[in-house]
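First to last, the protein sequences are chains S and V. Position 159 of the first sequence, counted from 1, bears residue number 569 in the numbering used here, the numbering being contiguous throughout. Position 43 of the second sequence, counted from 1, bears residue number 448 in the numbering used here, the numbering being contiguous throughout. The structure under discussion appears below in the form of structure tokens.
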Amino acid sequence: MYSYKDRLYLASGYLSGLSIIIIMVVVLAQIVGRMIGYIVPSAEDISGYCLAASIFFGLAYTFRDGGHIRVTLLIQNLPPKARFVQEFIVLSIGLLAASFICWYIWYMVWESYIFEELTQGYIPMPLWAVQLPLGLGSTGFLLAMLDAMATMFRGGLPNYTHHEDQVPMEDL
Amino acid sequence: MDLIVISLVLVVFMLLMLALGVWVSLSLVSVGVLGLMLIDNGQIGLLFGTTSWGASTNWTLTALPMFIWMGEVLFRTRLAADLFEGLTPWLSRLPGKLLHVNVLSCGIFAAVSGSSAATAATIGRMTLPELKKAGYSDRMSIGTLAGSGTLGLLIPPSIILIVYGVAAEVSISRLFIAGALPGLMLVFLFMGYIIVWALLNKDQVPQKDTIELSLAMKLKTLKKLLPILGLIGFVLGSIYGGFTTPTEAAALGVFGALLLAFFTGTLNLSTFSASLLGAVKSSCMIGLILVGAHFLTLAMGFLGIPRALAASIGNLDLTVFQLLAYLTLLFVILGCFLDGISVVVLTVSVVMPVIEQAGIDLLWFGIYIVLVVEMSQITPPVGFNLFVIQSLTGKNILYIARAALPFFLLILLALILIYIFPGIATYLPYSMTQH
Numbered sequence: 411m412y413s414y415k416d417r418l419y420l421a422s423g424y425l426s427g428l429s430i431i432i433i434m435v436v437v438l439a440q441i442v443g444r445m446i447g448y449i450v451p452s453a454e455d456i457s458g459y460c461l462a463a464s465i466f467f468g469l470a471y472t473f474r475d476g477g478h479i480r481v482t483l484l485i486q487n488l489p490p491k492a493r494f495v496q497e498f499i500v501l502s503i504g505l506l507a508a509s510f511i512c513w514y515i516w517y518m519v520w521e522s523y524i525f526e527e528l529t530q531g532y533i534p535m536p537l538w539a540v541q542l543p544l545g546l547g548s549t550g551f552l553l554a555m556l557d558a559m560a561t562m563f564r565g566g567l568p569n570y571t572h573h574e575d576q577v578p579m580e581d582l
Numbered sequence: 406m407d408l409i410v411i412s413l414v415l416v417v418f419m420l421l422m423l424a425l426g427v428w429v430s431l432s433l434v435s436v437g438v439l440g441l442m443l444i445d446n447g448q449i450g451l452l453f454g455t456t457s458w459g460a461s462t463n464w465t466l467t468a469l470p471m472f473i474w475m476g477e478v479l480f481r482t483r484l485a486a487d488l489f490e491g492l493t494p495w496l497s498r499l500p501g502k503l504l505h506v507n508v509l510s511c512g513i514f515a516a517v518s519g520s521s522a523a524t525a526a527t528i529g530r531m532t533l534p535e536l537k538k539a540g541y542s543d544r545m546s547i548g549t550l551a552g553s554g555t556l557g558l559l560i561p562p563s564i565i566l567i568v569y570g571v572a573a574e575v576s577i578s579r580l581f582i583a584g585a586l587p588g589l590m591l592v593f594l595f596m597g598y599i600i601v602w603a604l605l606n607k608d609q610v611p612q613k614d615t616i617e618l619s620l621a622m623k624l625k626t627l628k629k630l631l632p633i634l635g636l637i638g639f640v641l642g643s644i645y646g647g648f649t650t651p652t653e654a655a656a657l658g659v660f661g662a663l664l665l666a667f668f669t670g671t672l673n674l675s676t677f678s679a680s681l682l683g684a685v686k687s688s689c690m691i692g693l694i695l696v697g698a699h700f701l702t703l704a705m706g707f708l709g710i711p712r713a714l715a716a717s718i719g720n721l722d723l724t725v726f727q728l729l730a731y732l733t734l735l736f737v738i739l740g741c742f743l744d745g746i747s748v749v750v751l752t753v754s755v756v757m758p759v760i761e762q763a764g765i766d767l768l769w770f771g772i773y774i775v776l777v778v779e780m781s782q783i784t785p786p787v788g789f790n791l792f793v794i795q796s797l798t799g800k801n802i803l804y805i806a807r808a809a810l811p812f813f814l815l816i817l818l819a820l821i822l823i824y825i826f827p828g829i830a831t832y833l834p835y836s837m838t839q840h
């Protein structure tokens, strides 16, 4: 039913969703803990790291689904040929930006690893480990851009363009 | 290079990217990179790494995915139908009857969903067919929906207030408290207008009385409203009472929404994962925009543009009123092309020092900018609510915009009112959080 690629995109979405669930659980545990006089250690830090993980893990899924917003006002009525050229330029810029993001996020993770940095919260954790989801997520983002580019080289408009003209809640 | 030249280059570059259709978040990052390159900053990548880590691990920001998820869960339940059935018997005495259901359902739904497009879509799908069946004028049904759909932006918990609070470093609890009175004021303005309109246009309101229900029956319909009113009361009450932080209230809210969906039988694996993936899409999109905005703000700081802008505007000796009038104009123009969140983050990265220098209260400014964004949601060519209603009704977007015009003017009136009486926004937060 799903191709392996669809599964990867879904995995990106679900990993991000899982991080959101963890945030909820940690925050709820913190509230319950406060009532019974137990402090959940580093709760705020952990939910912060999960937030970063959920933002970055979800990049590929959101990208492919046309979730990242942009101004479509001027481009939506272009004739097909011009639209193709415009989309190619946009995707090239996107590829450049995603490469920049991916490279320097990994650079940050690598530096944290080399300098053996620890997180500053109540429970010290290796910083590179909690930064790892950002690296993985931004790599996924870059791969999603490359995937869209491959679609363009085969002569089609990328997947993200199919969804974005719809109302955000298409399943309503 | 001269600062003015640099600023112009960056503005033109930004507009080009946006017009071309580059994603807003990536445009922000690119403009930041270009700006730093123009002043030969050698550490662009390092700066990006640390700012994106700092921006995306912000504890206050964790409220965002929670509230978005809560909304996603709730609009997969029978909530919209329950609101309609529960509110209708109580509003049949007011002139304009069912039209008020539009406003109040939107107001209540807005309180839980925080998103204006979701509010208009969910409530509209429920109420528009009913209003048509009962014989109300299309124009007024659509207008009330478009106008009150925007309530989602202001009535707490509001996503856009969280974004503003995080970007401008203003307390989110206080912003939520500040949004309450202006939100209620808008609801009353809308309902007041409907009453006056209904009295003046008796021919366009169906006169045949809806069946009068006995008090017992009315109370029975009230039961449908209880779960949702309870949830809102609980979430907002725990923030307003100072018992929890907004993030904690949001986590409780999601939990409550899931329970509510479970007990009404609308929670299953597919609605659960659909709501979760919906939350992923919105919060990931907003998250990346905030990362980009954070980086751009930093780049702007290095360039010194906001400071220079504040200084040169300071030299103009504008009154606060003139400054706000120019800013409103700018926001309305920006809002013609960009969505509300992008307008807010762009503004915060450049205009904040100007606002502070003019002595404008940042809390008040948050409410003010949200009201302006609300106006822009129902102005063509890019008004998200207009698009939503267009896809619901199939009507021409200009027709919808004209139907929404009275409500645009009412929001403008609200804007003028909070300018003249800033206490509407600031009295509660400052008196409730003295300690």
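Backbone N, C-alpha and C define an ideal beta-carbon position, used for all residues, glycine too.
Considering only C-alpha positions, which residue in the set Met555/S, Asp557/S, Ile499/S and Gln541/S is nearest to Phe466/S?
-> Mapped onto the first sequence, residue 466/S falls at position 56. Of the listed residues, the one whose Cα sits closest to Phe466/S is Gln541/S.
So is the beta-carbon of Thr671/V under 7 Å away from any non-hydrogen atom of the ligand ATP?
-> The ligand ATP is absent from the structure shown, which contains no ligands of any kind.
Please report the Cβ distance between Ile816/V and Leu776/V, rounded to the nearest whole angstrom; I am assuming they are in contact, meaning their Cβ atoms lie under 8 Å.
-> To locate residue 816/V, count along the second sequence from 1; it is residue 411. To locate residue 776/V, count along the second sequence from 1; it is residue 371. About 6 Å; that satisfies the 8 Å criterion.
C-alpha gap between Gln576/S and Gln795/V, whole angstroms = Residue numbering aside, residue 576/S sits at position 166 when the first sequence is read from its first letter. Residue numbering aside, residue 795/V sits at position 390 when the second sequence is read from its first letter. Reliability fails at Gln576/S, whose pLDDT of 49 lies under 50, so the model's placement of it is uncertain and the value that follows must be treated cautiously. Our two residues, Gln576/S and Gln795/V, have alpha carbons roughly 11 Å apart in a direct line.
Assign Pro834/V to one of three DSSP states: helix, strand, or coil.
-> To locate residue 834/V, count along the second sequence from 1; it is residue 429. Helix.
Could you give the distance in angstroms between the alpha-carbon of Gly491/V and the alpha-carbon of Thr626/V?
-> Within the second sequence, numbered from 1, the residue matching residue 491/V stands at position 86. Within the second sequence, numbered from 1, the residue matching residue 626/V stands at position 221. Cα to Cα, the separation comes out at about 5 Å.
Cβ-based neighbour list, Gly501/V, same chain, cut-off 6 Å, excluding 5 preceding and 5 following | Working through the second sequence from its first residue, we reach residue 501/V at position 96. For Gly501/V, where only same-chain residues beyond five positions count, the Cβ hits under 6 Å are Ile599, Ile600 and Ala603.
Neighbourhood of His840/V by C-beta distance below 6 Å, restricted to the same chain and skipping five residues each side = Counting from 1 along the second sequence, the entry for residue 840/V is found at position 435. Low local confidence applies: a pLDDT of 46 at His840/V is under 50, so the model's placement there is unreliable, with the coordinate-based value given in what follows. Within the same chain, and ignoring the five residues on either side of His840/V in sequence, no residue has its Cβ closer than 6 Å to its Cβ.
Please check if any C-beta of chain S sits within less than 8 Å of the C-beta of Phe514/V.
-> Taking the first residue of the second sequence as position 1, residue 514/V is located at position 109. False, the Cβ-Cβ gap to chain S never drops below 8 Å.
Measure the C-alpha to C-alpha separation of Leu641/V and Leu591/V and round it to an integer number of angstroms.
-> Against the second sequence, residue 641/V aligns to sequence position 236. Against the second sequence, residue 591/V aligns to sequence position 186. Taking the straight line joining both Cα atoms gives about 19 Å.
Applying the criterion that 16 or more other CB atoms from any shown protein chain within 10 Å of the CB defines a buried residue, is Asn487/S buried or exposed?
-> Here residue 487/S corresponds to residue number 77 of the first sequence, with the count starting at 1. Counting Cβ neighbours within 10 Å, Asn487/S comes out exposed, since fewer than 16 surround it.
At which residues does the alpha helix (DSSP H) containing Ile644/V begin and terminate?
-> As a position in the second sequence, residue 644/V is number 239, starting the count at 1. From DSSP, the alpha helix (DSSP H) with Ile644/V extends over Leu620 to Tyr645.
Since I believe Ala583/V is in contact with Pro393/V (beta carbons under 8 Å), could you give me their beta-carbon distance rounded to a whole number of angstroms?
-> Absent from the structure is residue 393/V, since the part of chain V shown begins at 406 and ends at 840.
Have a look at Gly454/V and Leu431/V and give me their C-alpha separation to the nearest angstrom.
-> Indexing the second sequence from 1 puts residue 454/V at position 49. Indexing the second sequence from 1 puts residue 431/V at position 26. Taking the straight line joining both Cα atoms gives about 15 Å.
Could you give the DSSP three-state label for Met579/S: helix, strand or coil?
-> Reading the first sequence from its first residue, position 169 is the one you call residue 579/S. Per-residue confidence for Met579/S stands at a pLDDT of 40, beneath the threshold of 50, marking its modelled position as unreliable; the derived number appears in the next sentence. In the structure shown, Met579/S sits in coil (DSSP, three-state: anything other than H, G, I, E or B).
Would you call the stretch 701–708 of chain V and the stretch 439–449 of chain V in contact, with 3 or more CB pairs under 8 Å?
-> The answer is yes - the stretch 439–449 of chain V touches the stretch 701–708 of chain V, with three or more Cβ pairs under 8 Å.
Same chain, Cβ closer than 7 Å to Leu664/V, neighbours up to 5 away in sequence not counted = In the second sequence, the residue the question calls residue 664/V occupies position 259. Nothing listed; no residue qualifies.
Using the C-alpha atoms, what's the distance from Phe551/S back to Glu527/S?
-> The sequence position of residue 527/S within the first sequence is 117, counting from 1. The sequence position of residue 551/S within the first sequence is 141, counting from 1. Approximately 26 Å, taken between the alpha carbons.
By Cβ distance below 7 Å, which residues in the same chain neighbour Gly443/S in space, the five residues on each side in sequence not counted?
-> Taking the first sequence and counting its residues from 1, the one referred to as residue 443/S is at position 33. Closer than 7 Å at the Cβ level, and outside the excluded window around Gly443/S, lie Ile449 and Val450.
If you measure from the beta carbon of Leu743/V to each beta carbon in chain S, is any gap under 8 Å?
-> As a working note, residue 743/V is residue 338 in the second sequence. Leu743/V counts as touching chain S.
Any residues in the stretch 431–443 of chain S with a beta carbon nearer than 9 Å to a beta carbon of chain V? Which ones, in chain order?
-> So the close ones are Ile431, Ile433, Met434, Val435, Val436, Val437, Leu438, Gln440 and Ile441.
Does DSSP put Pro711/V in a helix, in a strand, or in coil?
-> Here residue 711/V is taken as the residue at index 306 of the second sequence, counted from 1. It is helical.
How would you call His572/S, buried or exposed, if buried means at least 16 neighbouring beta carbons within 10 angstroms?
-> Reading the first sequence from its first residue, position 162 is the one you call residue 572/S. Burial is judged here by how many other beta carbons sit within 10 angstroms of a residue's own beta carbon; His572/S has fewer than 16 and is exposed.
Got a sec? Which residues, its chain only, sit under 6 Å from Val568/V by beta carbon, not counting five neighbours each side?
-> By 1-based counting over the second sequence, the position of residue 568/V is 163. Contacts found: Ile746 and Val749.
Reduced DSSP category for Leu701/V - H, G, I as helix; E, B as strand; rest coil = Counted from its first residue, the second sequence places residue 701/V at position 296. The answer is helix: DSSP assigns Leu701/V an H, G or I state.
Give the interface partners of Ser464/S over in chain V, defined as CB-CB distance under 8 Å, in chain order.
-> In the first sequence, counting from the first residue as 1, residue 464/S sits at position 54. In chain order, Pro470, Val685, Ser688, Cys689 and Gly692 make up the part of chain V whose C-beta sits under 8 Å from the C-beta of Ser464/S.
DSSP state of Pro534/V, grouped into three classes?
-> Here residue 534/V refers to the residue found at position 129 of the second sequence. Pro534/V falls in the helix class under three-state DSSP.
Specify, as a first and last residue, the run of the alpha helix (DSSP H) that Phe812/V falls within.
-> As a working note, residue 812/V is residue 407 in the second sequence. Its alpha helix (DSSP H) spans residues Ile802 to Ile825.
Nearest chain V C-beta to Gly545/S closer than 8 Å, yes or no?
-> If you number the first sequence from 1, residue 545/S lands on position 135. No, no contact with chain V.
Out of Tyr731/V, Ala460/V and Leu701/V, state which residue places its alpha-carbon closest to the alpha-carbon of Val434/V.
-> Against the second sequence, residue 434/V aligns to sequence position 29. Proximity to Val434/V across Tyr731/V, Ala460/V and Leu701/V peaks at Leu701/V, based on C-alpha coordinates.
Span separating the alpha-carbon of Gly692/V from that of Leu732/V | For the purposes of this step, residue 692/V is taken as the residue at position 287 of the second sequence. For the purposes of this step, residue 732/V is taken as the residue at position 327 of the second sequence. Gly692/V and Leu732/V have their alpha carbons spaced roughly 26 Å apart.
Spatial neighbours of Ile485/S within its chain, please: CB distance less than 7 Å, with the 5 preceding and 5 following residues excluded, ordered by chain position.
-> The residue labelled residue 485/S in the question sits at position 75 within the first sequence. Annotation for Ile485/S: Arg493 and Gln496 place their beta carbon closer than 7 Å to its own, counting only its chain and skipping 5 residues before and after.
Determine the chain S residues that contact Thr671/V at a beta-carbon separation under 9 Å, and present them in chain order.
-> Taking the second sequence and counting its residues from 1, the one referred to as residue 671/V is at position 266. Here the premise fails: no neighbours, minimum Cβ distance about 14 Å.
Would you be able to state if there are at least three C-beta pairs under 8 Å between the stretch 711–727 of chain V and the stretch 659–675 of chain V?
-> Short answer: they don't touch.
Is the Cβ-Cβ distance between Gly588/V and Leu580/V less than 8 Å?
-> Within the second sequence, residue 588/V is the residue found at index 183, counting from 1. Within the second sequence, residue 580/V is the residue found at index 175, counting from 1. Not a contact, by the Cβ cut-off of 8 Å.
Within 8 Å (strictly less), CB to CB, does His840/V reach chain S?
-> Here residue 840/V corresponds to residue number 435 of the second sequence, with the count starting at 1. Caution applies to His840/V, whose pLDDT of 46 falls short of 50 and renders its modelled position unreliable; the model cannot decide the point.
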